[in-house]
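Numbering (the numbering used here), first residue to last: 985 to 1109. From the three backbone atoms N, C-alpha and C, an ideal C-beta is built for every residue, glycine too. These numbers were taken from a predicted model, which means no experiment stands behind them.
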């Protein structure tokens, strides 16, 4: 079986404007991490009330055009999380190494700076 397409839950129907704000209020109440809304096929725009509510409650809302597939967004988020974990691990290792043997500070710093994780960042070590 070959399954393709977007992850989708269409709970909006004809009164989608009221339903979107109700959904967002529910998600905020139960401490969800955010909401992604695909626009263009079923939902054409996100009401300003929803945008304001999200802004006032520091609730992440990502509005994505329909041609962007959810699987691509999820993949990107996962890769960024993995990248962040790797970066944290390398920094932790760096400090563990220099605290265990301060004579290796320069060697460890050079190794850390050669790492692909740090090539695009500017750190002061």
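Legend entry - Length of the line joining the Cα atoms of residue 1006 and residue 1062: Taking the chain shown and counting its residues from 1, one reaches residue 1006 at position 22. Taking the chain shown and counting its residues from 1, one reaches residue 1062 at position 78. Near 28 Å, if we compare the C-alpha coordinates of residue 1062 and residue 1006.
Legend entry - In chain order, each alpha helix (DSSP H) run of at least 4 residues that lies wholly inside the region 997-1022: 1000-1013
Legend entry - Alpha carbon of residue 987 to alpha carbon of residue 1054, nearest angstrom: For this step, residue 987 is matched to residue 3 along the chain shown. For this step, residue 1054 is matched to residue 70 along the chain shown. Unreliable positioning characterises residue 987 in this predicted model, as indicated by a pLDDT of 40, which lies under 50. The coordinate reading is nonetheless provided below. Distance between the alpha carbons of residue 987 and residue 1054: 14 Å.
Inset, instruction - Kindly provide the ranges of any beta strand (DSSP E) runs that are 3 or more residues long and lie completely inside the region 1027-1099, ordered along the chain. - result: 1045-1049
Inset, instruction - State the Cα-Cα distance for the pair residue 1044 and residue 1038, rounded to the nearest angstrom. - result: On the chain shown, position 60 is the one that residue 1044 refers to. On the chain shown, position 54 is the one that residue 1038 refers to. Whole-angstrom Cα-Cα distance: 7 Å.
Legend entry - Beta-carbon proximity list for residue 1033, same chain, < 7 Å, skipping 5 on both sides: Locating residue 1033 in the chain shown gives position 49, where the first residue counts as 1. Excluding residues within five positions, the ones whose Cβ falls inside 7 Å are 1005.
Legend entry - residue 1078 and residue 1092 closer than 8 Å at C-beta: Locating residue 1078 in the chain shown gives position 94, where the first residue counts as 1. Locating residue 1092 in the chain shown gives position 108, where the first residue counts as 1. Yes; because the gap between Cβ atoms is below 8 Å, this pair is in contact.
Legend entry - Alpha carbon of residue 989 to alpha carbon of residue 1009, nearest angstrom: If you number the chain shown from 1, residue 989 lands on position 5. If you number the chain shown from 1, residue 1009 lands on position 25. Low confidence applies here, because residue 989 scores a pLDDT of 44, under 50, leaving its location unreliable and the question unanswered by this model.
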